[in-house]
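Contents: one structure, followed by commentary.
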Amino acid sequence: MSKSNYIGILIVSIILLVYPVYTLIINSEWTSVVFIFLLIIIGSIGTYRACRSINSNKSNNNDRLDS
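Per this note's numbering, the very first residue in the sequence shown carries number 1; after that it's consecutive.
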């Protein structure tokens, strides 16, 4: 997956959380809003790093098979 796919996943997850976050903002529960956004950011970074390492391992294995 390319970097743009991960950005797309991040945007979709933010769009899906618009209503719950909007409700929390109306109720003035800012700590919950910050917590949700931190979870989204940490999750997307973790997913990106995990898939990047999987892709690099695949390319390393292909290099070994070619030689």
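Here a beta-carbon is modelled for each residue, glycine too, at the ideal position from N, C-alpha and C.
Only a predicted model underlies this, so the values are computations on that prediction, with no experimental measurement involved.
Is the distance from the Cβ of residue i to the Cβ of residue j below 8 Å?
i	j	result
G17	I42	Checking the sequence, you will find Leu at residue 17 rather than Gly. Result no, Cβ atoms of L17 and I42 do not sit closer than 8 Å.
T47	Y19	no
I82	S13	Examination of residue 82 is not possible in this model, given that the chain is present from 1 through 67 alone.
Straight-line CA distance for residue i to residue j?
i	j	result
I54	S44	15 Å
V33	T23	10 Å
E29	I15	19 Å
C51	L10	15 Å
G8	N27	29 Å
I25	T31	10 Å
What are the start and end residues of the alpha helix (DSSP H) that includes residue i?
i	result
L24	18–26
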